[in-house]
Structure formats: structure tokens, C-alpha cells
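Written out below as C-alpha cells is the structure these notes cover.
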Amino acid sequence: MHFDLPDLRLFIHIAESPSLTQGARKAFLSPAAASARIKALENQLGSRLLYRDSRGVELTPAGQRLLQHARLIMRQVDYLKSEFTEYGTDAAGHIRIFANTTAVTEFLPEVLAGFLAERPGVTVDLQERLSRDIVRGVLDGAADLGIIAGPVQTPGLQVLHFSTDRLVLAVPLGHALARRQSVSFNDTLAYQHIGLHEGSTLLSFLREQVEKLGGNLALRIQVSSFEAICRMIEGGVGIGIIPESAARRHSRTMQLAILQLDEAWAVRERSMLVRELDALPGSVRALIDRLNQGV
Numbered sequence: 001m002h003f004d005l006p007d008l009r010l011f012i013h014i015a016e017s018p019s020l021t022q023g024a025r026k027a028f029l030s031p032a033a034a035s036a037r038i039k040a041l042e043n044q045l046g047s048r049l050l051y052r053d054s055r056g057v058e059l060t061p062a063g064q065r066l067l068q069h070a071r072l073i074m075r076q077v078d079y080l081k082s083e084f085t086e087y088g089t090d091a092a093g094h095i096r097i098f099a100n101t102t103a104v105t106e107f108l109p110e111v112l113a114g115f116l117a118e119r120p121g122v123t124v125d126l127q128e129r130l131s132r133d134i135v136r137g138v139l140d141g142a143a144d145l146g147i148i149a150g151p152v153q154t155p156g157l158q159v160l161h162f163s164t165d166r167l168v169l170a171v172p173l174g175h176a177l178a179r180r181q182s183v184s185f186n187d188t189l190a191y192q193h194i195g196l197h198e199g200s201t202l203l204s205f206l207r208e209q210v211e212k213l214g215g216n217l218a219l220r221i222q223v224s225s226f227e228a229i230c231r232m233i234e235g236g237v238g239i240g241i242i243p244e245s246a247a248r249r250h251s252r253t254m255q256l257a258i259l260q261l262d263e264a265w266a267v268r269e270r271s272m273l274v275r276e277l278d279a280l281p282g283s284v285r286a287l288i289d290r291l292n293q294g295v
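Those letters in the sequence shown? Residues 1 to 295, by UniProt numbering.
Laid out in C-alpha cells, this is it:
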């Protein structure tokens, strides 16, 4: 059985669109030519790969399996190209990162700024994802590197611990809780919270904890960053649970009281996920080394 790499890349484009027309455009093909190639691929495999209707396309079970293998194959091809570039083994390449909210909004921008400034041949695709999607993305080859916080099931992946943070409660000065040193999560549910946007890792995690308690998380407003949460808290809009690193930094310029959370899950171990460290291209390993130097 023979596979053409352009056909595999076309299939990935279509699967990720998900539209045959959009996938064809990314592969610089006409929809008719793309459809013919996918038909030929289906005939070769003896399996239907896509369900087609007026709304677009959807992967069949066979298509899901092919997508996983195709991503891994194309990532290995990209790795091979990066190892033989004129820039050297760690000075060029494309890195795909799936990371949680804290990583995307707090420490990765600063780390990546310095890293990319030193390596003009490196490009990065950084996407915020939920923990389960980060694990799946690295397993499937959709991401070279995953960054998560807290415990997570990672069968088949290498887990590289690189720092520790903890979740704390931030409240405005003068709040009823402001004089306390610590508080349980359940006690915070009596007050209105400021939360991150829908789809953020932290909000999803907190909702899981609320569900275990059988309580209700009263969200007064949802915003897009920890800085925005702190500004709302300072203004007396509500209270919020955020990483201690973010709380300490913003408390230097804002009037906030910071309380420890009396919960075992408040301590958040940050980890990097990879399929196989030694098989990664030099640029990814160099970024991992940078993160290991401390965040």
C-alpha cells in the first residue's frame, strides 16, 4: 500500500476545517481535485473516510484512525526537515503547543518572546485547550508539546514537571473575607465570583469542584485574563480564584487581599507532555530546556 504525503496533508486540512472546500483551499487545490484525491484514498484503504452533507464533512471511525496516523506521519516529516535546515538543529522549525489558560496568558508569552527573538527561523502555533484536549492532541500528533497544571491521566506520554503554583482567592480590600488568612472553597460559594471565559481550563476545573460539593458557582461576569479578573475584584465587583503567581504580580499595582485556599487541589504542579522527548526536533527540545530553567 502506497501513500502520497500530499494526499495525507490534504486529508488533515479537510479534517481540521471541517469542509472539503476549505481543506482544498489550504492545499491549493480545486474542490473537485480534492474530492477525487480523497475518493482515491478511500478506494486504496477500502474504507469510507468522510461523511459528506450540505453542512460540510464529518470523519467516519476509519477517518478518525487515519487522521491520527496521518498527523504523526506529517509531524515526523516536519521534524526531519527541521533537522536538516540551514539554520541548525534548534534554530528553525515549527512548534505546535497546546496549553492551559495560565500558560497561555501568564508565563508563555514572556518565555516565547525571548526564545523566538534568539531563533528567527522558529515559528510557533500556540493554542489554549482544556486538559483532556491537550493530552489527546499530543497523543494524536496534533501538538508537539502540551502544558498542563494539576493531575491528569497521561497514558502513553512522557510527563516533565517544571514548576509549582497554587490557586488562591483574591478579594477586594474591605471584603468580609479580607481579614482571614485562608478559606475553604465551599465558603467562597456564598459570594459572587469573577471568572474566566467559557472554555478556559481554570473555569472548567472550578466547575468540576463545585459539582463535587453539590453547590453553585455564582458568576457575576466572565473576562478574558487574570489581569481583568483582578481589576474587577479591585473595583468591588466580586471575588475570584486565580493562580498565586498572577495574584502576587497584580497585587503590586492593585488593592487586593490574597487568601490561601484550604484545598489539596489548590497546589498545581505544572507539567509538559510529549510523546517521546528524544525523538523531538531540536527547536522543541530547546524550548523545553528554556521552560525547565524556571518560570
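Positions of the beta carbon are idealized from the N, C-alpha and C atoms, including for glycine.
Checklist entry - Tell me which same chain residues have a C-beta within less than 7 Å of the C-beta of Q260, skipping the five on either side of it? => result V168, Q181, S182
Next on the checklist: Strictly by DSSP, which residues pair up with M272?
Outcome noted: The partner list for M272 (beta bridge, DSSP) reads I147, L160.
Item to check | Where the alpha helix (DSSP H) containing L115 begins and where it ends | outcome: In the sequence under discussion, the amino acid at residue 115 is Phe, which differs from the Leu named in the question. Taken as a continuous stretch (DSSP letters only), the alpha helix (DSSP H) holding F115 covers 108-118.
Checklist entry - Distance, Cα to Cα, E227 vs E106? => result 9 Å
Item to check | Environment of T253 [buried if 16+ CB atoms lie within 10 Å] | outcome: So T253 ends up on the exposed side.
Next on the checklist: With H, G and I counted as helix, E and B as strand and the rest as coil, what does DSSP make of L206?
Outcome noted: helix
Checklist entry - When you compare each of G141, T154, T164 to V77 by their alpha carbons, which one comes out closest? => result G141
Item to check | Straight-line Cα distance separating A15 from L67 | outcome: 7 Å
Item to check | Simplified DSSP state of L278, which is helix, strand or coil | outcome: The sequence shown places Asp at residue 278, rather than the Leu named in the question. Residue state, collapsed to three classes: helix.
Checklist entry - Counting Cβ pairs, one atom from each stretch, are 3 or more of them under 8 Å apart for the segment 228-241 and the segment 191-206? => result A contact exists between the segment 228-241 and the segment 191-206.
Item to check | Where T102 sits in the DSSP three-state scheme | outcome: helix
Checklist entry - Quick one: Cα of R55 to Cα of A27, how far? => result 20 Å
Item to check | F11 to L277 span [Cα, whole Å] | outcome: 27 Å
Checklist entry - Are the CB atoms of T188 and I241 nearer to each other than 9 Å? => result yes
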